[in-house]
Amino acid sequence: MELALFLLVVKHCILDLALQPLSYPEGKSKFNYFGLYAHLQHYIPHGLGTVFVLLFFVDPCTALICGLIDYILHWHIDFSKTHTRAYFGWTNKNRQFWLLNALDQLLHFSTYYLIILIVS
24 MELALFLLVV KHCILDLALQ PLSYPEGKSK FNYFGLYAHL QHYIPHGLGT VFVLLFFVDP
84 CTALICGLID YILHWHIDFS KTHTRAYFGW TNKNRQFWLL NALDQLLHFS TYYLIILIVS
């Protein structure tokens with residue numbers, strides 16, 4: 024399962040960092056259906072990427088459940104980060120902004136660790 028964890032981290036780096044748009048989608052800070060664009064552009068691809076990776080290691084039902092877990096947790100982690108940053112007015116010129124982003128990434132990587140624990 025070490026390879027599965029590594030591939031989930033690679034998937035995350037590609038989708039969350041390399042393919043991150045230069046500006047955040049308008050709906051990324053909205054929790055409900057008004058943020059549909061953010062879901063289609065960002066959160067759903069994370070869930071589907073997790074399903075794709077895990078299909079090489081587990082049965083399709085388990086891969087789908089884990090993809091749903093990734094989708095939901097990624098959405099809530101990013102939603103919390105976006106609102107925390109907006110509430111405090113932090114920008115990339117503030118140390119807190121970077122600490123918050125580090126926490127965001129730690130939580131995403133912890134999600135993949137949790138998923139590996141579930142499927143192991």
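Residue numbers (this note's numbering): 24 to 143.
Note that beta-carbon positions come from the ideal geometry of N, C-alpha and C, so glycine has one too.
Out of curiosity, what's the CA-to-CA distance linking F100 and L130?
In the sequence shown, the residue the question calls residue 100 occupies position 77. In the sequence shown, the residue the question calls residue 130 occupies position 107. Note that residue 100 corresponds to Ile in the displayed sequence, not to Phe. Rounded to whole angstroms, I100 to L130 spans 7 Å at the Cα level.
Do L38 and G72 come within 7 Å of each other at the CB atom, strictly closer than that value?
Walking along the sequence shown from the start, residue 72 turns up at place 49. Walking along the sequence shown from the start, residue 38 turns up at place 15. Cβ atoms of G72 and L38: closer than 7 Å.
Around the C-beta of Y56, are 16 or more other C-beta atoms found within 10 angstroms, so that it is buried, or is it exposed?
To locate residue 56, count along the sequence shown from 1; it is residue 33. With a pLDDT of 47 at Y56, under the threshold of 50, the predicted position of this residue should be treated as unreliable, though the coordinate-derived value follows. Exposed: under 16 other Cβ atoms inside 10 Å.
Go ahead and pull the three-state DSSP assignment for A41.
The residue you call residue 41 lines up with position 18 of the sequence shown. DSSP places A41 in helix when its eight states are reduced to three.
Report back the beta-carbon spacing between V76 and L30 to the nearest angstrom; my notes put them in contact at under 8 Å.
Locating residue 76 in the sequence shown gives position 53, counting from the first residue. Locating residue 30 in the sequence shown gives position 7, counting from the first residue. Yes, they are in contact, since the Cβ atoms of V76 and L30 sit about 5 Å apart, within 8 Å.
If you measure between the beta carbons of L91 and K104, is that distance less than 7 Å?
As a position in the sequence shown, residue 91 is number 68, starting the count at 1. As a position in the sequence shown, residue 104 is number 81, starting the count at 1. Cβ distance not < 7 Å, so L91 and K104 don't count as in contact.
Just verifying my parser: in three-state terms, what is the DSSP assignment at D127?
Residue mapping note: residue 127 aligns to position 104 of the sequence shown, counting from 1. Looking at D127 - three-state DSSP - the assignment turns out to be helix.
Among residues of its own chain, excluding the 5 on either side of F132, which ones have a beta-carbon nearer than 8 Å to its beta-carbon?
For the purposes of this step, residue 132 is identified with residue 109 of the sequence shown, where counting begins at 1. Excluding sequence neighbours, F132 sits near V32 and H35.
List the endpoints of the continuous alpha helix (DSSP H) containing D82.
Start at 1 with the first residue of the sequence shown, and residue 82 comes out as number 59. Premise fails: D82 is in no alpha helix (DSSP H) and is neither H nor E.
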